[in-house]
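Structure record follows, encoded as structure tokens.
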Amino acid sequence: MPGAAHAGLAWAAGASQVASAAAKASGPATAAVGAGLPETVRIAAVARPAPAGKTVFAGASAQVAQDRWLEAELGKLGVRLEWVPVTTNSVAAQVNEAFASKSIDFANYGDLPSIIANASGLQTRLVLPGGSLNNTYLVVPPNSTARSIRDLKGKRIALHRGRPWEYPFARLLQANGLKLSDVKILNLNPQAGAAALATGGADAFFTLSDAFVLEDKKVGKIIWASKKAPEDWKMRAELWGDSAFLQRYPQVAQLVVSAYLREHHRAAAAADAGREHYIKSESLGGQSEDVVRRELAGDGTQWKDRWSPLFTPAVRAHYAAEAEYARQAGLIARPLPVDALFAPQFVKQGLAQLQLQDYWTR
Numbered sequence: 428m429p430g431a432a433h434a435g436l437a438w439a440a441g442a443s444q445v446a447s448a449a450a451k452a453s454g455p456a457t458a459a460v461g462a463g464l465p466e467t468v469r470i471a472a473v474a475r476p477a478p479a480g481k482t483v484f485a486g487a488s489a490q491v492a493q494d495r496w497l498e499a500e501l502g503k504l505g506v507r508l509e510w511v512p513v514t515t516n517s518v519a520a521q522v523n524e525a526f527a528s529k530s531i532d533f534a535n536y537g538d539l540p541s542i543i544a545n546a547s548g549l550q551t552r553l554v555l556p557g558g559s560l561n562n563t564y565l566v567v568p569p570n571s572t573a574r575s576i577r578d579l580k581g582k583r584i585a586l587h588r589g590r591p592w593e594y595p596f597a598r599l600l601q602a603n604g605l606k607l608s609d610v611k612i613l614n615l616n617p618q619a620g621a622a623a624l625a626t627g628g629a630d631a632f633f634t635l636s637d638a639f640v641l642e643d644k645k646v647g648k649i650i651w652a653s654k655k656a657p658e659d660w661k662m663r664a665e666l667w668g669d670s671a672f673l674q675r676y677p678q679v680a681q682l683v684v685s686a687y688l689r690e691h692h693r694a695a696a697a698a699d700a701g702r703e704h705y706i707k708s709e710s711l712g713g714q715s716e717d718v719v720r721r722e723l724a725g726d727g728t729q730w731k732d733r734w735s736p737l738f739t740p741a742v743r744a745h746y747a748a749e750a751e752y753a754r755q756a757g758l759i760a761r762p763l764p765v766d767a768l769f770a771p772q773f774v775k776q777g778l779a780q781l782q783l784q785d786y787w788t789r
């Protein structure tokens, strides 16, 4: 996307000329502090081990890290970029603890943990929707006679409470006339949940694309997937920023959001090529390429829409419904004013600067 890339470089370069000159004279960190900017921007992202001892990030964060545009633009301001890896088994806890201790400034992670964090007193804001509308799966042992969630009433289901896929699970129950109390929830992280299913400790397991791995190992079979369900049932993982950081350093926050916008557009605009690049990137990060392809195959969400960064009424409705679910399920103690979670100004400005105002419509 040459036009968008050149536009992004042009506006960032103009904003950073003074800081770059100061950095040459006194060093990047000193220049940043002198200009009223942070020394470092810290972004937490899901990471997986890769060959040769490398760490590779997942999703849009992987593309931002590989592209190095953000690193270069921050460098012109005398600001360093630090990637903070978090593990798949405990993303929510690690990110929320890091936000609480002020050891990160941004994180690409799930919707429900973000709701819980803000209801608990943290102040974070959604700065960029989209990019991760992952499917969820209901898996049972290979010899199970269960054919739907209705057949699992009163049974043991492994589910990691408070993670982004709890809400889709609740929607599935509701659509089938059930509620959480109608099943026996085993609150287990994904690794432990998979083990419980494989050893007979659970009658079912609600999870993400690792469901395909369980099928390949002949220890599970998928009896339901969210691919054809309403888009609101997708697991959302999006870019969140510390509220105080956004208010104190809006120029730096804009660069971060614009870097992700560039990658969202690159993935969406390239159509099949963008899809293939995404698949290869995920496989480099430790995901089986076959699993990534099966996760995307037959999905009801259009590829371009998957990467939409717009703060649409549907996004607001999703968070409002999920916040209400969290209250009813006892995950949060009081209602959460959902509109206070959103900081749409960075997407609006970034799309204008990249000349992409009319690219996405939903």
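Following the numbering used here from start to finish, the sequence shown increments by one per residue and tops out at 789.
No residue lacks a Cβ here, since even glycine has one placed at the ideal position from N, Cα and C.
Since we're looking at a predicted model, the values are computed, not measured.
The continuous alpha helix (DSSP H) containing Tyr746 extends over residues 740 to 755. The beta carbon of Val718 lies closer than 6 Å to those of Ser636, Phe639 in the same chain, with the five residues before and after it left out. DSSP, reduced to helix, strand and coil, places Tyr536 within a strand of the structure shown.
Look at Pro764 here: in three-state DSSP terms it is coil, with no helix or strand label. In the structure shown, Asp669 falls within a strand segment according to DSSP collapsed to helix, strand and coil. Counting every other CB atom within 10 Å of its CB across the protein chains shown gives Pro764 a total below 16, marking it as exposed. In the structure shown, the three-state DSSP call for Arg721 is helix.
Ranked by Cα distance from Pro569, the first of Asp643, Lys606, Thr728, Asn523 is Asp643. By DSSP's assignment, Pro595 forms no beta bridge with any residue.
The beta carbon of Asp532 lies closer than 6 Å to those of Val468, Arg469, Asp669, Phe672 in the same chain, with the five residues before and after it left out. Here Ala544 is not bridged, per DSSP, to any residue. In this structure, Trp734 and Gly557 form a Cβ contact; the two beta carbons are roughly 6 Å apart against a cut-off of 8 Å. Listed in chain order, the non-local C-beta contacts of Val646 below 6 Å within the same chain comprise Ala625, local neighbours out to five positions each way being set aside.
Leu783 sits close to His692, with the two beta carbons spaced by under 7 Å. In the three-state scheme derived from DSSP, where H, G and I count as helix and E and B as strand, Arg577 is classed as helix. Going by beta carbons, Ala597 and Tyr752 fall inside the 7 Å limit. A check of alpha carbon separations from Ala602 across Leu666, Ser653, Pro465 identifies Ser653 as the nearest.
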